[in-house]
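J.: In my numbering, the protein residues as written are 56 to 461. No residue lacks a Cβ here, since even glycine has one placed at the ideal position from N, Cα and C.
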């Protein structure tokens with residue numbers, strides 16, 4: 056019996072429906088790898104330090120990508136330990152299950168019409184973790200960019216994703232998984248019907264009907280090279296100052312992502328379906344010696360990255376769209392042979408524990424006080440010198456520059 060002053064435990068179990076689209080539950084993509092190889096896994100201590108940093112930023116939902124390695128089981132254990140140590144600590148996970156086609160990553164010719172024999176094991180591992188940590192795992196995402204055709208090493212047809220989404224939904228109906236666990240797939244906007252009609256198919260339509268929500272990706276930075284029309288400085292902006300040209304370009308980048316989001320939502324609605332659409336991935340690299348750097352589209356730098364982050368957070372929060380921003384920390388394994396490759400530099404925080412321009416305001420507010428990453432306090436890049444930061448920022452190419460080689 057309760058004593059006269061005790062209150063009943065009325066704390067509501069948080070679900071995906073409560074989290075997604077809620078600006079009080081900011082979302083981010085997370086790996087946590089510190090080295091040039093994933094053979095060196097983040098330790099429980101390192102993961103807990105990262106979780107404290109992200110929590111201080113207001114992040115309460117993480118997206119992971121596979122359960123093939125020890126990173127995710129360790130991450131869930133780390134979060135569970137933090138919750139035990141502090142009952143008020145909140146962190147939830149969108150658990151990714153990696154999906155491949157037959158012969159992916161083997162050196163043999165990928166067969167995009169047949170799925171990998173390893174997919175079943177990946178799905179089963181995700182199921183086991185969702186059962187073990189129902190208070191943390193609130194979403195399972197079947198595949199990461201697994202249907203988009205430019206993922207030439209491993210993409211599958213929508214029927215494969217549909218098969219596993221349906222399997223998980225059936226487990227929910229049977230009571231084998233929590234009924235409020237949401238199931239989705241996280242893929243490029245085009246894979247969800249928001250672009251090229253080559254992706255429009257009955258299987259895709261049935262997949263949209265099967266998922267609990269759509270998790271779509273949009274990358275204006277990558278498209279500054281591959282589809283640069285929106286990025287090039289238009290003739291009417293030629294007379295603007297450099298700072299104004301850059302700001303105008305970032306506004307166009309925001310609009311570009313909004314249009315891709317709308318493309319997915321509109322395709323879904325044309326099917327007579329109305330369910331949530333959220334951004335499973337978007338981001339902007341702070342460095343590149345490839346297509347996006349000073350000798351290419353001139354997109355990748357820390358200032359533009361920071362503006363994109365600010366603009367995307369403001370828009371998605373106001374519209375109650377979850378945005379799993381890519382990504383929390385720099386990860387050098389992604390392009391291990393090219394230290395200046397853009398894939399290594401999408402993080403909001405560097406390997407040295409420096410908050411990039413996007414987070415300078417949080418450093419000023421003191422949210423990282425007494426927090427460290429690998430023993431280093433969270434400080435600002437460029438020692439907080441904005442003039443030094445801006446010295447490396449260049450204006451995007453002008454539309455008249457027809458001989459651009461990028």
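Contact check, residue 173 vs residue 270 under 8 Å by CB: the rounded distance?
T.: For this step, residue 173 is matched to residue 118 along the chain shown. For this step, residue 270 is matched to residue 215 along the chain shown. Residue 173 to residue 270, Cβ: 22 Å. No contact.
J.: In the DSSP assignment, find the unbroken beta strand (DSSP E) run with residue 381 in it and report its ends.
T.: Here residue 381 refers to the residue found at position 326 when the chain shown is read from its first residue. Counting along the chain, the beta strand (DSSP E) containing residue 381 begins and ends at 378-381.
J.: Who are the Cβ neighbours of residue 386 in its own chain at under 6 Å, not counting the five residues just before and after it?
T.: By 1-based counting over the chain shown, the position of residue 386 is 331. Only 86 and 88 meet the Cβ criterion.
J.: By how many angstroms is the C-alpha of residue 435 removed from the C-alpha of residue 357?
T.: The residue you call residue 357 lines up with position 302 of the chain shown. The residue you call residue 435 lines up with position 380 of the chain shown. Rounded to whole angstroms, residue 357 to residue 435 spans 12 Å at the Cα level.
J.: In the DSSP assignment, find the alpha helix (DSSP H) that holds residue 468 and state where it starts and stops.
T.: Given that the chain is displayed from residue 56 to residue 461, the structure contains no residue 468 and the question cannot be resolved.
J.: Going straight from the alpha carbon of residue 260 to that of residue 221, what length do you get?
T.: As a position in the chain shown, residue 260 is number 205, starting the count at 1. As a position in the chain shown, residue 221 is number 166, starting the count at 1. Looking at the two C-alpha atoms, the distance is approximately 13 Å.
J.: DSSP three-state call for residue 334: helix, strand or coil?
T.: In the chain shown, the residue the question calls residue 334 occupies position 279. Residue 334: strand per DSSP, three-state reduction.
J.: Assuming residue 196 is part of the beta strand (DSSP E), what are its boundary residues?
T.: Position 141 of the chain shown, counted from the first residue, corresponds to residue 196. Segment 192-199, the beta strand (DSSP E) holding residue 196.
J.: Could you please give me the residues that DSSP links to residue 431 through a beta bridge?
T.: As a position in the chain shown, residue 431 is number 376, starting the count at 1. Looking at the DSSP assignment, residue 431 forms a beta bridge with 428.
J.: What residue range does the beta strand (DSSP E) around residue 82 cover?
T.: Taking the first residue of the chain shown as 1, we reach residue 82 at position 27. Element bounds for residue 82: 81-84.
J.: How many Å lie between residue 205 and residue 67 at the Cα?
T.: On the chain shown, residue 205 is found 150 positions in, with the first residue counted as 1. On the chain shown, residue 67 is found 12 positions in, with the first residue counted as 1. Taking the straight line joining both Cα atoms gives about 42 Å.
J.: Starting from the Cα of residue 335, find the closest Cα among 76, 69 and 70 and give me that residue.
T.: Counting from 1 along the chain shown, the entry for residue 335 is found at position 280. Here the closest residue by C-alpha is 76.
J.: Exposed or buried, what is residue 99 when buried is set at 16 or more other beta-carbons lying within 10 Å of its beta-carbon?
T.: Sequence index remark: in the chain shown, residue 99 carries index 44 (1-based). Classification for residue 99: exposed.
J.: Taking the alpha helix (DSSP H) that residue 318 belongs to, which residues open and close that run?
T.: Translated into positions along the chain shown, residue 318 becomes position 263. 297-325 is the span of the alpha helix (DSSP H), which, as asked, contains residue 318.
J.: Since residue 166 sits in a beta bridge, which residues does DSSP pair it with?
T.: Within the chain shown, numbered from 1, the residue matching residue 166 stands at position 111. Looking at the DSSP assignment, residue 166 forms a beta bridge with 157.
J.: Three-state secondary structure (DSSP) at residue 237?
T.: Working through the chain shown from its first residue, we reach residue 237 at position 182. DSSP places residue 237 in strand when its eight states are reduced to three.
J.: Does chain C have any CB closer than 8 Å to the CB of residue 332?
T.: This model lacks chain C altogether, as it is built from one protein chain only.
J.: Go through its chain and collect everything with a Cβ distance to residue 208's Cβ below 7 Å, but skip five positions before and after it.
T.: By 1-based counting over the chain shown, the position of residue 208 is 153. Contacts found: 159, 160 and 165.
J.: What is the C-beta distance between residue 118 and residue 149, in whole angstroms, given that I count them as a contact (C-beta under 8 Å)?
T.: Residue 118 sits at position 63 when you count from the first residue of the chain shown. Residue 149 sits at position 94 when you count from the first residue of the chain shown. Yes, they are in contact, since the Cβ atoms of residue 118 and residue 149 sit about 4 Å apart, within 8 Å.
J.: Report all residues from its chain with a CB closer than 7 Å to the CB of residue 156; omit the five preceding and five following residues, and keep chain order.
T.: For the purposes of this step, residue 156 is taken as the residue at position 101 of the chain shown. Cβ neighbours of residue 156 beyond the five flanking positions: 165, 166, 167, 169, 170, 171, 209, 210 and 211.
J.: Determine, using beta carbons only, whether residue 245 and residue 197 come nearer to each other than 8 Å.
T.: Residue 245 sits at position 190 when you count from the first residue of the chain shown. Residue 197 sits at position 142 when you count from the first residue of the chain shown. Not a contact, by the Cβ cut-off of 8 Å.
J.: DSSP three-state label for residue 487, please.
T.: In the structure as shown, the chain starts at 56 and stops at 461, and residue 487 therefore has no counterpart that could be examined.
J.: Which class does residue 111 belong to by DSSP, given the choice of helix, strand or coil?
T.: Locating residue 111 in the chain shown gives position 56, counting from the first residue. Reduced to three states, the DSSP call for residue 111 is helix.
J.: Which value, in whole angstroms, describes the spacing of the CA atoms of residue 127 and residue 121?
T.: On the chain shown, residue 127 is found 72 positions in, with the first residue counted as 1. On the chain shown, residue 121 is found 66 positions in, with the first residue counted as 1. The alpha-carbon atoms of residue 127 and residue 121 are separated by roughly 8 Å.
J.: Per DSSP, what kind of secondary structure is residue 152 in: helix, strand or coil?
T.: The residue you call residue 152 lines up with position 97 of the chain shown. Three-state DSSP puts residue 152 in a strand.
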